[in-house]
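A short write-up of the structure that comes next.
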Amino acid sequence: MNLLAQIEALVYISANQGITIQKLAELTNVPVAAIRENVKKLQSTYEKRNGALVIVRHGELIQIATKPEFDKLLQSFTETNEPLLSKPALEVLTIVAYRQPITRIQLDQLRGVNSAVSLRNLQSYSLITVSGHADEPGNPAQYATTDQFLQAFGLQSLADLPAIRAKPQPVSGDLFHPKQLNKGAKTSE
């Protein structure tokens with residue numbers, strides 16, 4: 001069988017989930033380097049077709065998708081604009097994406113609320129995973145994003161995340177200079 005056709009069939013059958021380069025190598029019994037090379041060829045073939053579909057790579061995850069110019073057409077067909085993630089889950093996901101690896105305790109401290117439910121939900125969608133354990137008392141789990149996260153947000157890698165600019169916060173009073181004491185006033189030390 002033609003390797004390019006095998007890869008195309010596996011990418012197609014994996015649908016929205018996509019398939020990793022490692023899994024393609026295992027299923028075709030071909031080295032990872034050859035899979036990477038053939039994925040590039042497949043991407044080029046789809047680009048030359050000038051059709052509605054493209055082969056997209058998100059980190060190590062490969063999937064077949066529609067081109068962005070078809071979004072409105074497809075959206076009108078599906079008519080489902082309900083968000084899959086709650087605002088707290090999106091907040092947790094954003095923090096994990098920018099601060100990974102991060103523990104639940106660190107998340108809770110940043111947010112000021114318990115993040116356990118959001119972490120479980122994000123794990124159930126395979127957007128985050130336990131990437132290791134912190135070298136501190138109790139060895140708490142550390143969370144990081146997955147290739148599914150990259151896929152869901154249309155990113156090739158974490159380097160594609162938009163830069164975050166800190167908003168200047170208004171400051172009241174003069175924080176840098178001590179108040180001047182009234183002339184002749186005595187202070188206690």
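Counting from 1, position 140 in the sequence shown corresponds to residue 140 in full-length UniProt numbering; the numbering is continuous, with no gaps.
We put the beta carbon where it would ideally sit given N, CA and C, even for glycine.
Since this is a predicted model, take the numbers as computed values, not measurements.
Leaving out the 5 sequence neighbours to the left and right, which residues in its chain are closer than 8 Å to residue i when beta-carbon positions are compared?
i, result
"T20", "E60, L61, I62 and D147"
"D108", "N114 and S115"
"Q156", "R57, H58, G59 and L150"
"L3", "T28, V30, A34 and N38"
How many Å lie between residue i and residue j at the Cα?
i, j, result
"K48", "T66", "15 Å"
"A5", "D71", "27 Å"
"R111", "V32", "40 Å"
"F153", "T94", "11 Å"
"Q43", "L161", "23 Å"
"L53", "P68", "10 Å"
"A89", "S126", "13 Å"
"A159", "Q123", "22 Å"
"I13", "G132", "31 Å"
"N121", "K23", "25 Å"
"V92", "M1", "45 Å"
"F149", "N50", "27 Å"
"R57", "T145", "16 Å"
"A141", "Q106", "11 Å"
"R104", "Q17", "26 Å"
"L74", "Y46", "19 Å"
"A25", "S76", "37 Å"
"A15", "K87", "27 Å"
"residue 190", "I55", "For the chain, the structure presents residues 1 to 189; residue 190 sits outside this window and is missing."
"residue 260", "I64", "Lying outside 1 to 189, the shown extent of the chain, residue 260 is not represented and no answer is given."
Starting from the C-beta of residue i, find all residues in its chain whose C-beta is less than 7 Å away, skip the five residues before and the five after it, and write them out in chain order.
i, result
"I164", "Y98"
"L27", "L10"
"E8", "L42"
"E189", "Its pLDDT being 41, under 50, E189 is placed unreliably in this model, and the coordinates cannot settle the point."
From which residue to which residue does the alpha helix (DSSP H) around residue i run?
i, result
"A33", "V32 to R49"
"Q6", "L3 to I13"
"L53", "Per DSSP, L53 belongs to no alpha helix (DSSP H); it is in the beta strand (DSSP E), L53 to H58."
"A89", "K87 to R99"
"L155", "It is not in any alpha helix (DSSP H) - L155 carries neither H nor E in the DSSP assignment."
"L24", "I21 to T28"
Determine the closest residue to residue i out of the options, with distance taken between C-alpha atoms.
i, options, result
"T129", "V92, S118, L24 and Y143", "Y143"
"L84", "S118, R57 and Q100", "S118"
What is the residue span of the beta strand (DSSP E) that residue i lies within?
i, result
"V113", "First-last for V113: undefined, no H or E at that position."
"Y143", "A141 to T145"
"L61", "L61 to T66"
"I128", "I128 to H133"
- Touching or not, the stretch 122-141 and the stretch 33-44, by the rule of three or more beta carbon pairs under 8 Å? Contact annotation: the stretch 122-141 does not touch the stretch 33-44, with fewer than three C-beta pairs closer than 8 Å.
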